[in-house]
Structures are given as C-alpha cells and as structure tokens.
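Asks:
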Amino acid sequence: MEENQLIAEIKTIIETGSEDDRNVLTSVVQGIRKKQNGEHRTYLSGITHVNHRFLDDGTFEVTIPIQPLIENPLKMAHGGITATLLDTAMGSMLNLKAPENMAYVTAELKVNYIQPGRGKHLRCIATILHQGKQLSFSEAKVYNDENKLIATGSGTFFAIPLS
Numbered sequence: 000m001e002e003n004q005l006i007a008e009i010k011t012i013i014e015t016g017s018e019d020d021r022n023v024l025t026s027v028v029q030g031i032r033k034k035q036n037g038e039h040r041t042y043l044s045g046i047t048h049v050n051h052r053f054l055d056d057g058t059f060e061v062t063i064p065i066q067p068l069i070e071n072p073l074k075m076a077h078g079g080i081t082a083t084l085l086d087t088a089m090g091s092m093l094n095l096k097a098p099e100n101m102a103y104v105t106a107e108l109k110v111n112y113i114q115p116g117r118g119k120h121l122r123c124i125a126t127i128l129h130q131g132k133q134l135s136f137s138e139a140k141v142y143n144d145e146n147k148l149i150a151t152g153s154g155t156f157f158a159i160p161l162s
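Counting along the sequence shown from 1, when you hit position 150 you're at 149 in numbering that gives the first Met the number 0, and nothing is skipped either side.
1. From 16, 137, 100, 56, pick the residue whose C-alpha is nearest to that of residue 160; which is it?
2. Per DSSP, which residues does residue 103 bridge with? Please list them.
3. Since I believe residue 133 is in contact with residue 102 (beta carbons under 8 Å), could you give me their beta-carbon distance rounded to a whole number of angstroms?
4. Return the first residue and the last residue of the beta strand (DSSP E) that residue 74 is part of.
5. Whose CA, out of 138, 122, 120, lies closest to the CA of residue 128?
6. I believe residue 63 touches residue 120 by the beta-carbon criterion, under 8 Å. Please report the beta-carbon distance rounded to the nearest angstrom.
7. Taking the straight line between their C-alpha atoms, what separation do you get for residue 40 and residue 49?
8. Mind checking which residues open and close the alpha helix (DSSP H) that includes residue 126?
9. When DSSP builds the beta bridges, which residues end up paired with residue 51?
10. Secondary structure at residue 96, three-state DSSP: helix, strand or coil?
11. Alpha carbon to alpha carbon, how far is residue 77 from residue 21? Give it in angstroms, no decimals.
12. Looking at C-beta atoms only, is the number of pairs between the segment 104-112 and the segment 50-58 that lie closer than 8 Å three or more?
13. As a quick exercise: from 117, 93, 145, pick the residue whose alpha carbon is nearest that of residue 156.
Here you go:
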C-alpha cells in the first residue's frame, strides 16, 4: 500500500470509526513503535502489549491486557490468543535458558480451556518440566486478573542450532 493510501485509511478510521476502532489503531501503532524501539522482539508482542519476567520461584510470567484487539465476537480473549500466550510463555522461558547457540521451537502444543478469558488481563505462569539437548517439555497455566484459572497447556519443544 502506498504511503498516501495508508494515511487516507488511517484518517478514515479516526474520523468514522468507533471508539474501539480508534483504540485498536492506537494499540497497533504504539506496538509497532515499541518494536522499532527495541522494547519488543516481535510485532505481535508489541501490538498486544505483552510483558514478561522471571518470578522469584523460578517460574516465568507473561501478561497480556485484554483489549478489543485480542477479543473474539463474544467480547472475551480469543482462544487462539490464549494458546499463543501459553506457547509464548513456555517457549520464551526455554529460550532464555537455552545455550547461546541454540533455540527451541514448538513441536507440539496441548491446550485445555477451562473458562472464558474475561477481565482486565491474562497472566500465564510457565515451568520447565525437562530441558534436554534435543527435546524439552514445559507446562503453563493462564489466569485472569481475579486469579481464576482460564486455561492450561503443555508443550514439547525441539532444539535447533542458530545459524
């Protein structure tokens, strides 16, 4: 898309869109800027405003605000976003503990949805069950802002060399 077309599309959204449309546009623009500034490694983490950190108990936490960008038509977090949150938490934890010349990619992902993802944010806590030279296993749980269990997941991750 040409620059003038893009600017015209953005102006149309601002002028004729709903408040949700403008909020989503703002979220996307801010997320792209965060990616450009190096605050996020991927566009997806930037536009969804993901945060992550190791907790004192050695687990890994990833949070994402529930916003219109990630909601399904029923006004709850889309199941695919919940699965992505689980995958991100487990894979990120493994990759942050990987040898310098290796990375882990998802080979298998299992998700169990417990209840709808509603509230202000989702918080995923991941643990490593086994970190091997070729295969690693992790599990994670997703909670809402009221600490209610939303989903659980487990994954198998394959080690690949970085080139």
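Where a beta carbon is used, it is the ideal one built from N, C-alpha and C, also for glycine.
Replies: Once the coordinates are examined:
1. Along the sequence shown, one-based indexing puts residue 160 at 161. Ranking the options by Cα distance to residue 160, first place goes to 100.
2. Against the sequence shown, residue 103 aligns to sequence position 104. According to DSSP, residue 103 bridges with 158.
3. Counting from 1 along the sequence shown, the entry for residue 102 is found at position 103. Counting from 1 along the sequence shown, the entry for residue 133 is found at position 134. That pair is no contact at about 13 Å.
4. Counting from 1 along the sequence shown, the entry for residue 74 is found at position 75. Taken as a continuous stretch (DSSP letters only), residue 74 belongs to no beta strand (DSSP E), as it is neither H nor E.
5. Position 129 of the sequence shown holds residue 128. Ranking the options by Cα distance to residue 128, first place goes to 138.
6. As a first step, residue 63 must be located in the sequence shown, where it is residue number 64. As a first step, residue 120 must be located in the sequence shown, where it is residue number 121. 6 Å between Cβ atoms; contact.
7. Along the sequence shown, read from residue 1 onward, the residue named residue 40 stands at position 41. Along the sequence shown, read from residue 1 onward, the residue named residue 49 stands at position 50. Looking at the two C-alpha atoms, the distance is approximately 11 Å.
8. Here residue 126 corresponds to residue number 127 of the sequence shown, with the count starting at 1. Annotation for residue 126: no alpha helix (DSSP H) segment contains it, though the beta strand (DSSP E) segment containing it runs 120-130.
9. Here residue 51 refers to the residue found at position 52 when the sequence shown is read from its first residue. DSSP, once it has assigned bridges, lists 61 as partnering residue 51.
10. Position 97 of the sequence shown, counted from the start, is the residue given in the question as residue 96. In the three-state reduction of the DSSP assignment, residue 96 falls in the coil class, being assigned neither a helical nor a strand state.
11. Mapped onto the sequence shown, residue 21 falls at position 22. Mapped onto the sequence shown, residue 77 falls at position 78. Cα to Cα, residue 21 sits roughly 20 Å from residue 77.
12. Contact check between the segment 104-112 and the segment 50-58: fewer than three CB pairs, one atom from each, fall below 8 Å, which does not count as touching.
13. Stepping through the sequence shown from its first residue, residue 156 is reached at position 157. It is 93.
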